[in-house]
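According to the working numbering, the sequence shown holds residues -17 to 255 in order.
By construction, the Cβ of each residue, glycine as well, lies at the ideal position given by its N, Cα and C atoms.
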Amino acid sequence: MAPIADLGLSIVDNIFERQHAVAWISGIRDKSAYLMEHSLNVAFLLVNFGKHLGFDHHTLHELAVGGLVHDIGKVLVADEVLNKPGKLTADEFAHMKLHQIFSQPVLDSIPDLSPIARDVSLMHHEKLDGNGYPNGLQGEEIHTIGRMSGIVDIYDALTADRCYKRAMSPSEAFKIMMGLTPFHLDPTLLRAFIQCIGFYPIGSLVELADGRAGLVWQENLDDITRPIVKTFYSVRSNHFREVEYINLDKRHDLRITRATSEGALDICVDAFR
-17 MAPIADLGLS IVDNIFERQH AVAWISGIRD KSAYLMEHSL NVAFLLVNFG KHLGFDHHTL
43 HELAVGGLVH DIGKVLVADE VLNKPGKLTA DEFAHMKLHQ IFSQPVLDSI PDLSPIARDV
103 SLMHHEKLDG NGYPNGLQGE EIHTIGRMSG IVDIYDALTA DRCYKRAMSP SEAFKIMMGL
163 TPFHLDPTLL RAFIQCIGFY PIGSLVELAD GRAGLVWQEN LDDITRPIVK TFYSVRSNHF
223 REVEYINLDK RHDLRITRAT SEGALDICVD AFR
């Protein structure tokens, strides 16, 4: 019970210390279940990323708060734009971008919000080449926290299921994100984030070149594209097979051809986790 008790104490402390932020977070939940999930994911990923980079506990705490409120301005975006199940028109996208403008007075209304948490919110759509928003910051004007926030926000958006698109696998998302360097995303930080998450994260479902499929079981820190895979399914015969652990670092005749999913293969892999 100790970890659960600590979590409960943390929740209580935050409710007493950050009542205004908690009220706005409740507003996020009321506005959109996806928006709440996205905010929680960004908070979790930012803390994990910051821990990987060696940040101190206080900074990690502020990153968590920043992640929770990073899209706070979307509470004021029109519902029909925020929840549209498809591509936005130019006018709708312009309205959506206003959430960064809406965020500023909301953040100003939250007492004792740290500069770190504020920057997570106000910098996650800025780009290194100056073509981001709301302030068109470029280069060194976007400090590490802002650059991290942009990476995490894009990653979670790409790997989330929405009514109008399927979730990408982490490796698919990383390939797209690498194409956004160096003009949009910081290449050094993106490489660090990929190392933090894992190009093929532990527990993800992958297919090998010989038609076998399985779960990534253990990372290979020397080559993140060649982990240990627990195979148990044949994509070619559409049947489960005997479990075998394959260390791709020692099997150079094999490689991962693609990340896949239970839905794509029409199987359930819970018994193999």
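Q: Specify, as a first and last residue, the run of the alpha helix (DSSP H) that E201 falls within.
A: The residue you call residue 201 lines up with position 219 of the sequence shown. Unbroken run through E201: none, as it is neither H nor E.
Q. So does the region 71 to 85 actually touch the region 44 to 61, counting three or more Cβ pairs closer than 8 Å?
A. yes
(Q) For a test of the three-state rule: what should DSSP assign to I124, helix, strand or coil? (A) As a first step, residue 124 must be located in the sequence shown, where it is residue number 142. I124: coil per DSSP, three-state reduction.
Q. By how many angstroms is the C-alpha of D90 removed from the C-alpha of M159?
A. Residue 159 sits at position 177 when you count from the first residue of the sequence shown. Residue 90 sits at position 108 when you count from the first residue of the sequence shown. One C-alpha to the other measures close to 32 Å.
Q) Is the Cβ-Cβ distance between F214 and F254 less than 8 Å? A) Against the sequence shown, residue 214 aligns to sequence position 232. Against the sequence shown, residue 254 aligns to sequence position 272. Taking 8 Å as the Cβ cut-off, F214 and F254 qualify as a contacting pair.
(Q) Which same chain residues end up closer than 7 Å to S85 when comparing Cβ atoms and leaving out the 5 residues on each side of it in sequence? (A) What you label residue 85 is simply residue 103 of the sequence shown in a count that begins at 1. Only I54, G55, S103, L104 meet the Cβ criterion.
(Q) Using only the alpha-carbon positions, how far apart do Y227 and K212 sit? (A) Here residue 227 is taken as the residue at index 245 of the sequence shown, counted from 1. Here residue 212 is taken as the residue at index 230 of the sequence shown, counted from 1. Using only the alpha carbons, I get a separation of about 4 Å.
Q. Nearest to K33 by alpha carbon, out of R148, M130, C250, N220?
A. As a first step, residue 33 must be located in the sequence shown, where it is residue number 51. The residue with the shortest Cα to Cα distance from K33 is M130.
Q | Runs of alpha helix (DSSP H) wholly within the region 125 to 160 (minimum 4 residues, chain order) | A | 126 to 140, 152 to 160
Q: Count the other CB atoms, across all protein chains shown, that sit within 10 Å of the CB of I184; report buried if there are 16 or more and exposed otherwise.
A: What you label residue 184 is simply residue 202 of the sequence shown in a count that begins at 1. Its Cβ having fewer than 16 others within 10 Å, I184 is exposed.
Q. Roughly how far, in whole angstroms, is the beta-carbon of L187 from the beta-carbon of E244, given that I think they are within contact range, below 8 Å?
A. Here residue 187 is taken as the residue at index 205 of the sequence shown, counted from 1. Here residue 244 is taken as the residue at index 262 of the sequence shown, counted from 1. Right, the Cβ-Cβ distance comes to about 7 Å (below 8 Å), so this counts as a contact.
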